[in-house]
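J.: One structure follows; several queries about it will come next.
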Amino acid sequence: NCCCCCGSSVPVDQQGWTSKQKADHFRLNETQYHLGFLPTEQSNPITKNLTKDFQESGEKGIESLLKVDLDIIPVANRILQSDNYKKLVQVGLETIKSKNRIIFSGCGSTGRLSILLQTIWKRGCRDAGKLDLQYQVEGIQTGGDFAVVRCIPSFEDFKAVGAKQCEELNVTDKDMFVAITEGGETSSVIGSLEEADRRGAKCFLMFNNPADILVKHIERSKQVIENPRVTVFDLFSGPMSIAGSTRMQATTSEMLIAGSMLEIVAAEVLFGKSIEYDFGKAFEDMLNQLIKNKKALADYTTLESEIYKQKGLVTYFATDYMIDIFTDTTERTPTFMLPPFKTDADISKVEPWTFVKHLSLPTDKAFENLFERKPSCLEWTREDYIKMGMIEKIPAKLPALSLKDLEQFQIGCEPMPSRYSSQVNLAVLFKGNGDKSGHEQFEQVRKEFSQFATLDIGGQTGQFNVPLKIEETPLNLIFRLALKVALNTISTGAMVRVGRTLNNWMTNVSVSNKKLTDRAIRIISDLGQLSYEQACDLLFECKDEVDAMPQEKKENISLVIYALKKIGKYE
1 NCCCCCGSSV
11 PVDQQGWTSK
21 QKADHFRLNE
31 TQYHLGFLPT
41 EQSNPITKNL
51 TKDFQESGEK
61 GIESLLKVDL
71 DIIPVANRIL
81 QSDNYKKLVQ
91 VGLETIKSKN
101 RIIFSGCGST
111 GRLSILLQTI
121 WKRGCRDAGK
131 LDLQYQVEGI
141 QTGGDFAVVR
151 CIPSFEDFKA
161 VGAKQCEELN
171 VTDKDMFVAI
181 TEGGETSSVI
191 GSLEEADRRG
201 AKCFLMFNNP
211 ADILVKHIER
221 SKQVIENPRV
231 TVFDLFSGPM
241 SIAGSTRMQA
251 TTSEMLIAGS
261 MLEIVAAEVL
271 FGKSIEYDFG
281 KAFEDMLNQL
291 IKNKKALADY
301 TTLESEIYKQ
311 KGLVTYFATD
321 YMIDIFTDTT
331 ERTPTFMLPP
341 FKTDADISKV
351 EPWTFVKHLS
361 LPTDKAFENL
371 FERKPSCLEW
381 TREDYIKMGM
391 IEKIPAKLPA
401 LSLKDLEQFQ
411 IGCEPMPSRY
421 SSQVNLAVLF
431 KGNGDKSGHE
441 QFEQVRKEFS
451 QFATLDIGGQ
461 TGQFNVPLKI
471 EETPLNLIFR
481 LALKVALNTI
491 STGAMVRVGR
501 TLNNWMTNVS
511 VSNKKLTDRA
521 IRIISDLGQL
531 SYEQACDLLF
541 ECKDEVDAMP
551 QEKKENISLV
561 IYALKKIGKY
571 E
């Protein structure tokens with residue numbers, strides 16, 4: 001019983017229902033969100049012993065994670081030679097040359113990718129002295145720019161959210177629209193694509209599961225994949241290094257394909273030259289260099305994880321590449337069920353394990369630096385949510401997603417004593433390519449912290465160095481991919497070391513939307529040796545028990561681990 005206006009099931013008031021009734025409803029009526037058949041949701045054999053790998057040595061664990069990225073190479077090489085890719089580049093060039101827009105749309109990690117692609121384009125325009133072209137690439141992130149700092153999970157279940165954001169951007173038939181959804185089934189992204197198509201935009205769709213499987217099982221995916229006006233990119237390369245963690249290889253391959261198109265357009269339009277560059281080979285070389293640097297990556301991963309083991313806090317400081325750091329750190333919250341970034345006003349909330357701060361700019365300017373523009377936030381009213389069929393999901397107090405709400409996160413150079421109030425804390429100067437800026441400010445800031453370190457991805461000016469030889473290009477896409485892969489590998493490795501995963505299963509997954517509810521049920525089923533129905537009943541039973549606990553007791557309880565402990569299957 002799929003609601004065509006929002007892409008999710010018809011909202012049902014479950015007040016007064018037993019846990020068994022809720023479980024049966026999810027099992028029988030939310031089948032469009034039962035995604036265990038998708039390869040991105042399955043366990044990768046390369047990382048099936050990931051916990052043991054890290055116990056043996058950090059280097060072995062890091063290498064296991066990076067080996068999965070190598071699976072992207074043959075897929076990328078095939079796509080980069082395809083007619084669909086040539087069309088992507090041709091339409092991109094025509095769109096920018098005719099003063100129209102390329103618009104990327106995504107949700108969660110692909111939403112942050114859409115914003116990242118926008119920012120690297122803007123930086124390219126600045127470097128080329130062509131600021132008049134900077135607004136010709138736009139990014140839609142489900143939930144607006146607020147979602148770059150804090151995840152808004154339930155929004156992804158609604159097509160209407162994506163459609164409204166597309167409408168607010170005033171997409172026209174002169175624009176090019178590239179929808180990116182790792183699994184190929186995210187309702188909000190599909191909603192934005194359908195609205196862009198309705199408005200006559202030239203539409204493209206990228207995803208990381210086999211198209212035939214999506215078409216067979218998921219109606220909302222079938223409708224867009226089989227739409228003759230949509231050019232489709234099936235980037236399937238196998239399961240993720242952590243089952244279901246599509247922030248990893250899926251988003252990396254999408255960044256390579258979408259970003260390389262943008263590089264070719266930038267070379268011609270911004271710098272007046274055609275680019276002779278083998279992106280597949282450059283990506284492969286970069287991955288092999290990261291593998292050669294596995295000791296430095298492992299050493300830094302160990303440092304960060306030891307801080308967490310002692311209930312300490314890590315704060316990244318940077319002047320550049322803020323968007324790259326935020327992309328990784330924000331995604332740690334739903335993946336590993338970590339406390340989200342908090343504002344100064346959130347006194348009662350748990351301090352996030354990781355935070356990011358600009359070394360020299362105050363918060364409002366730091367956000368402008370992060371996005372290379374003024375932030376674009378949602379200012380929606382209760383009436384808007386009612387029209388979108390979302391009101392059942394919205395509490396009495398509307399979601400705080402506005403610019404004013406975003407700027408409550410003190411990401412600027414203002415002092416933030418909460419980051420060094422714990423006995424154990426670490427200040428990290430994050431540098432890219434041996435960047436020299438920020439040293440003086442960091443020398444002052446680090447004095448407040450019990451420990452400090454410098455992490456240099458690309459250069460050799462820090463305590464932890466990952467030197468890379470990467471040819472410069474107009475947008476330096478391959479280097480930005482190196483930052484992404486390195487940060488993803490570090491954060492995943494750190495979480496494995498502190499026990500937030502069990503091998504490559506996301507045992508601390510946050511059960512905050514329908515897709516993640518299904519994932520939690522499947523993990524309980526696999527590790528607890530239960531049928532899907534039994535695991536579903538158990539999850540909803542445990543959810544009711546945890547919901548009834550006082551707030552301070554239920555902070556950061558993993559429903560998966562709680563359920564497995566209840567049946568004696570977790571030590």
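So for the sequence shown, full-length UniProt numbering puts the first residue at 1; every next one is plus one. Built from N, CA and C at the ideal position, the CB exists for glycine as well. Source: prediction; values computed, not measured.
1) Please confirm whether A427 and F452 have their CB atoms less than 7 angstroms apart.
2) Do the CB positions of V350 and E555 come within less than 7 angstroms of each other?
3) At the level of alpha carbons, what is the spacing between C542 and A563?
4) Within a Cβ cutoff of 6 angstroms, which residues of the same chain sit near E446, ignoring the five residues on either side of it in sequence?
5) Return the CA-CA distance between T252 and K484, expressed in angstroms with no decimal places.
6) Counting Cβ pairs, one atom from each stretch, are 3 or more of them under 8 angstroms apart for the region 25 to 41 and the region 191 to 211?
7) So what's W121 in DSSP terms, helix, strand or just coil?
8) Can you give me the start and stop residues for the beta strand (DSSP E) that C413 sits inside?
9) My guess is that F177 and A201 are in contact by the Cβ rule of under 8 angstroms, so how many angstroms apart are they, rounded?
10) From G184 to S221, what does the alpha carbon distance come to, in whole angstroms?
11) Among I567, L530, A520 and E533, which has the Cα closest to the Cα of Q42?
12) Can you tell me the Cα-Cα spacing of F283 and Q14, whole angstroms?
13) Enumerate in chain order the residues of its own chain whose CB-to-CB distance from D547 is below 8 angstroms, with the five nearest sequence positions on each side excluded.
14) Is the separation between the beta-carbon of N44 and that of P239 shorter than 7 angstroms?
15) Would you list the residues sitting across from G432 in a DSSP beta bridge?
16) In the DSSP assignment, what are the bridge partners of C203?
17) Per the contact definition of three or more C-beta pairs closer than 8 angstroms, is the region 414 to 434 in contact with the region 315 to 333?
18) My output table needs one value for Y420: the three-state DSSP class, helix, strand or coil.
19) Can you pull the DSSP bridge partners for L426?
20) Taking 8 angstroms as the threshold, find out whether the region 267 to 284 comes into contact with the region 54 to 64 through three or more Cβ pairs.
21) What is the DSSP secondary structure of L378, reduced to helix, strand or coil?
22) Quick one: using the 10 Å Cβ neighbour count with 16 as the cut-off for buried, is P474 buried or exposed?
23) With DSSP as the reference, label H358 as helix, strand or coil.
24) Three-state secondary structure (DSSP) at S105?
25) Which residue from P352, D537 and N369 puts its Cα closest to that of L359?
26) So what's L338 in DSSP terms, helix, strand or just coil?
27) Go through the region 130 to 171 residue by residue and report every complete run of the beta strand (DSSP E) that reaches 3 residues or more, in order.
28) Classify M506: buried if its beta carbon has 16 or more other beta carbons within 10 angstroms, exposed otherwise.
29) In angstroms with no decimal places, state the Cα-to-Cα distance between I557 and R332.
30) Starting from the Cα of P399, find the closest Cα among T51, F146 and K99 and give me that residue.
31) For V511, name the three-state secondary structure that DSSP assigns.
32) Looking only at DSSP bridge pairs, what is V546 linked to?
33) Are the region 296 to 303 and the region 86 to 101 in contact at 8 angstroms, needing three or more beta carbon pairs?
34) Cutting at 6 angstroms between CB atoms, please list the residues of its own chain near C6, excluding the five before and the five after it.
35) Run through the DSSP bridge pairs and tell me what N77 is partnered with.
36) Ordered along the chain, which non-local residues of its own chain (more than five positions away) have a Cβ less than 8 angstroms from that of E471?
T.: Looking at the atomic coordinates:
1) Cβ distance < 7 angstroms, so A427 and F452 count as in contact.
2) yes
3) 6 angstroms
4) According to the sequence displayed, residue 446 carries Arg and not Glu. Taken in chain order, the residues that qualify are A427 and F452.
5) 8 angstroms
6) Using a C-beta cut-off of 8 angstroms, the region 25 to 41 makes contact with the region 191 to 211, since at least three inter-stretch Cβ pairs fall below that distance.
7) helix
8) Under the DSSP assignment, C413 falls outside any beta strand (DSSP E); it carries neither an H nor an E label.
9) Indeed they touch by this definition, with Cβ atoms about 4 angstroms apart.
10) 6 angstroms
11) Of I567, L530, A520 and E533, the residue nearest in Cα terms is A520.
12) 49 angstroms
13) K554
14) yes
15) Answer is I457.
16) F177 and V230
17) yes
18) coil
19) V314 and Q451
20) no
21) coil
22) buried
23) strand
24) strand
25) N369
26) coil
27) Segments of the beta strand (DSSP E) lying fully in the region 130 to 171: 137 to 141.
28) That one is buried.
29) 16 angstroms
30) Measuring from the Cα of P399, the nearest candidate turns out to be F146.
31) coil
32) Its beta-bridge partners do not exist; DSSP assigns none.
33) no
34) Low confidence applies to C6: its pLDDT is 35, below 50, so where it sits in the model is not reliable, and the reading given next is rough at best. If we look at C6 and ignore the five residues flanking it on each side, its Cβ neighbours are F158, K159, A160 and G389.
35) DSSP lists no partner for N77.
36) Y277, A282 and I478
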